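What the sequence shown shows, in UniProt numbering, is residues 1 to 137, in sequence order.
Single-structure report; data block below.
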Amino acid sequence: MSSSSATLPNIIGRRRFSTLQTAQSCARSEDAEMAERISMFLRQKYPDSTAKIVGKETGIPWKTVKNWLDKRAAPKAPHFMKLVNAYGLPFLDAVDPDGLPFLKDVRTAIERRDLTVRFEEVIATAQKLQRGELDGS
């Protein structure tokens, strides 16, 4: 068999390629929906100078935030986690109302962090009351 008559194997067949394109298209659609929710949350929280305020609070460059707000890009995982750390459960509830499984651990960690902070506040208040530093009213 000559090398000219041998055909190369079809590694990426049409069916596989179209399935890959469909998966990528769905992922882009989900990213766009998430980006829209993030944009709405941030604009509601800060109607004026949104990008600059979010940038200062999160350490994310304000031009990056502006790209999200203008729907030119969606946050990647590290930036998404910075937003989660800055805005907590209200942010997650706004951008992930369906409770995606991969964010379950994130929600649990935030709830644990918030409960720990609240517990420490209650303990500190109780100690102040015991020492008579606070009025009992």
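By construction, the Cβ of each residue, glycine as well, lies at the ideal position given by its N, Cα and C atoms.
All of these numbers come straight from a predicted model, not from anything done at the bench.
Nearest candidate by alpha-carbon position, reference residue i, set the options
i, options, result
"Ile38", "Phe91, Met81, Glu57", "Phe91"
"Lys45", "Asp31, Val122, Leu69", "Leu69"
"Ala86", "Met34, Ala124, Leu42, Lys128", "Leu42"
"Met34", "Asp105, Lys76, Glu111", "Lys76"
"Ile60", "Gln127, Glu36, Lys82", "Lys82"
"Glu57", "Glu36, Val84, Ala32, Leu129", "Val84"
"Val106", "Val54, Pro78, Ile53, Leu129", "Pro78"
Supposed close pair residue i, residue j - CB separation, criterion 8 Å
i, j, result
"Asp114", "Gly132", "29 Å between Cβ atoms; not a contact."
"Val65", "Ala51", "4 Å"
"Asp96", "Leu103", "5 Å"
Secondary structure of residue i, DSSP reduced to three states
i, result
"Leu92", "helix"
"Ala35", "helix"
"Asp105", "helix"
"residue 158", "Nothing about residue 158 can be read from this structure; the chain reaches only from 1 to 137."
"Ile60", "coil"
"Ala51", "helix"
"Ser2", "Annotation note: pLDDT 49 at Ser2 (below 50); position unreliable, coordinate value reported separately. Of the three classes helix, strand and coil, the one that applies to Ser2 here is coil, per DSSP."
"Ala73", "coil"
"Tyr87", "helix"
Exposed unless 16 or more other CB atoms sit within 10 angstroms - verdict on residue i
i, result
"Ile123", "exposed"
"Val117", "exposed"
"Thr108", "exposed"
Cβ-heavy atom distance, residue i to the ligand FMN, below 7 Å
i, result
"Asp114", "This structure lacks the ligand FMN; in fact it carries no ligand of any kind."
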